[in-house]
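Heads up: the sequence shown runs through residues 42 to 617, numbered per the working numbering.
Glycine included, each C-beta is placed from N, C-alpha and C at the ideal position.
Notes follow once the structure below has been shown.
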Amino acid sequence: MATLEELTKVGQIDLGPNPPDPEKVRNETQEFIEIDNEIDKLGGLQADTIQWYKIVDSSALILRENSKDWRAASYLCFALFKRDNYHGLVAGFTVLRDLIDQHWEKSYPYLTKLKERLRELTWLNSQLGRVLPDPSSGPLQPTYKKPVTQCHELLTKINILLADKIGKEVLQVLLEEELNKKLTKVERESLTVAQKEERLQKLNLADELFLRQLEKQFQAYQERFAKPEPEQPATPPPPKERTLTFKTLQEDLFNIAVALRRQNIFDPIAYRITRFEAWLFVEEIPNHDKSTKLFKVAGPTINILRPPKEVGELDELFVNGEYVELINKAEETFAKSTAPPRTPYCYWLDAHRLTVQSLEKLKVSTTNKIEVGQATVAKQIIIEELARFLRRLPGIQDLSFYNEVTNETVAFADDKTKLWIQNAVLATDETSTKTTSEIVVQPWLVVAKQARQFAVDNQFEAGLNLLYEGGRRANSRREQFSWWLEQARFYYDTQHHELAISQLEFLETQVQRFGLEEWEPQLSVEVARLLLLCYNKTAKKLDALTQPQGSTELFRPLYARLCRLDLSAALEVVKN
């Protein structure tokens, strides 16, 4: 493991006349794959397991031997701060300064992609801004005075170098592009050059392009070091005692989450607190009828049908673009107290999908890089927390609320939510434990995931067209069969069972024609499983002696195949 003194020299080392292709270094080398995987844990449940020493070692190796890569330099800076605090940050900023000063022409991304370089600095700016203490909160420890001064000097030099290397003309173009993102179409067309220049100065857009916000923050640290510590106020009177119960605990957490979210709709902590509070006392799947999967609500006093009935109202908010109001309404409805006396709002799973979709829309609409990052983290937190909840209570998404007073039934998760859970929540959960080398995703699975997302967004035909085009371009019979099977699965998942039956009955003829039960048993099992499930969904039960539309001859051999090759699939068909 290199010392900090050795790491400060990494940016000065020349790669020689024939360095490796930097694009291949970023996309194909084991070192870059490892550090990308570690950084991807930020903001998620695995954030505490990030191996900062590995990011430091691998980033330094890349910069020293393979590529003067701006992303590797940004990773190195942040990892050094996490590992060695301000002393590490001095080394990281030194490497970044040397990268700009000595390798501007040959570093990666290339000069033709200047915005991509600045995007890496934006990431570093947002990550450090998230973890650095507020200068107004008080002076730092005296031992940090020297490295803080060095950091400020290095940041000043970095920002000067950036402005000098980019040049006034290119810088002006970049700033105008950033300004245009913040202006309406009418403003862009009506403002004079002088008015635009005034807006540029007022918005301090250069701060967002470079590291000037960090420079100002470290300058504030220095000023705090120069100020004497304020006198401690007299000891305040002890607060009035409050009896702490499960109910008051959840109320406090609920109110904290509401306050955080209303202060900043992108705040990831608000979404984590909400789910922690709502599921704090949920230890098992609610008692329900095993055959009908109905969760009965005792008595009319629990207005259980209120949240699902609000879905219509929330859908209207989504269509009208009122995403902030939608998020607050969905989150506050879902997070009603589950402490005794328990209310079952916490089982309403549609809220998570609606919140994630609204965050995605808000993320697209904002130009603030920090907010974009926070929205991504918040979305990931919701997905990861929901995945944990579903792992802990397997099958809960298949249950339904049943109000005995009104005789109404509402699913815990509607069809869109079930599709989203399968496509975005549990699919992510299943691959999270695999290493990069173990994950080989076939193109039809990737496109099928995109198609399901279109279906969730009420764009069934667009999703179907993706799968159709993929099958048309297949290079072999096996690939084409896989595309067709995914198309049938897409029909099934989106409740188009008759279409799925037509597709699957055709695929079954292919299974018989080419003897796939022997050569591709898994494909033959999946065709049989889906086809039998579709028959069940259209009231064609396995134990019936006669089946409509001439399907009798298919039932018994299909079921027999499942029993031979996959007994669990056969049991699934019987249960459904």
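Between N464 and Q494 a beta carbon distance of about 6 Å is seen, short of the 8 Å cut, so the two are scored as contacting.
Boundaries of the beta strand (DSSP E) harbouring V451: 449-452, taken from the DSSP string. L574 is a Cβ neighbour of Y533, given a cutoff of 8 Å. The distance from the Cβ of Q536 to that of D607 is about 24 Å, inconsistent with a contact at the 8 Å cut-off.
Of all alpha-carbon atoms in E210, K334, L165, the one lying nearest the alpha-carbon of T450 is that of K334. The straight-line gap separating the alpha-carbon atoms of F547 and F453 is approximately 34 Å.
Here W524 is buried, its C-beta having at least 16 other C-beta atoms within 10 Å. The Cβ-Cβ distance between R302 and E210 does not fall below 8 Å. Here the alpha carbon of H393 sits roughly 21 Å from the alpha carbon of A88. Annotated three-state conformation of S441 is strand, per DSSP.
One thing to note: A428 has its Cβ no nearer than 8 Å to the Cβ of L395. Ranking I91, E357, K257, S167 by CA distance to the CA of L195 puts K257 first.
A residue is called buried once 16 or more other Cβ atoms fall within 10 Å of its Cβ, and S332, having fewer, is exposed. Under DSSP, K337 takes part in a beta bridge, and its partners are Y443.
In the DSSP assignment, H538 falls within the alpha helix (DSSP H) that extends over 538-555. Separation of the CB atoms of P58 and Y149 is rounded to 16 Å, and the pair is thereby denied contact status at 8 Å.
When DSSP states are grouped into helix, strand and coil, Y532 belongs to the helix group.
Comparing C-alpha distances from S543 to each of N369, A569, R519, E520 shows the shortest one belongs to A569.
Separation of D175 and Q168 (C-alpha to C-alpha, rounded to the nearest whole angstrom) is 14 Å. Proximity to E567 across E72, V614, E539 peaks at V614, based on C-alpha coordinates.
From the listed residues Q398, T408, F442, P385, the smallest Cα separation to Q421 is found for Q398. Going by C-alpha positions, F307 is about 45 Å away from A611. Q182 counts as exposed, since fewer than 16 other C-beta atoms from the protein chains shown sit within 10 angstroms of its C-beta. Excluding sequence positions up to five before and after Q438, its CB lies within less than 8 Å of the CB of L390, L431, F453, A454, T458, K459, I462, all in the same chain and listed in chain order. Separation of F531 and Q491 (C-alpha to C-alpha, rounded to the nearest whole angstrom) is 11 Å. According to the DSSP assignment, G414 belongs to the alpha helix (DSSP H) that extends over 410-433. Sequence-distant Cβ neighbours of E79 in its own chain, meaning closer than 7 Å and more than five residues away, are I91, Q92, K95, I96. Residue pairing by DSSP places Y364 opposite no residue, since no beta bridge is assigned to it. With fewer than 16 neighbouring CB atoms inside 10 Å of its own CB, D205 falls in the exposed class.
The alpha carbon of E324 has as its nearest neighbour, out of R433, P60, G52, E106, the alpha carbon of R433. Judged by DSSP secondary structure, E69 falls within the alpha helix (DSSP H) whose first and last residues are 63-69. When only Cα atoms are considered, T289 and F359 end up about 33 Å apart. Of the residues C118, L165, D110, the one whose Cα lies closest to the Cα of K147 is D110.
Relative to Q143, the option among N126, L104, K123, R518 whose CA is nearest is L104. Going by DSSP, D98 is part of the alpha helix (DSSP H) stretching over 93-102. In the DSSP assignment, G52 falls outside any alpha helix (DSSP H), carrying neither H nor E.
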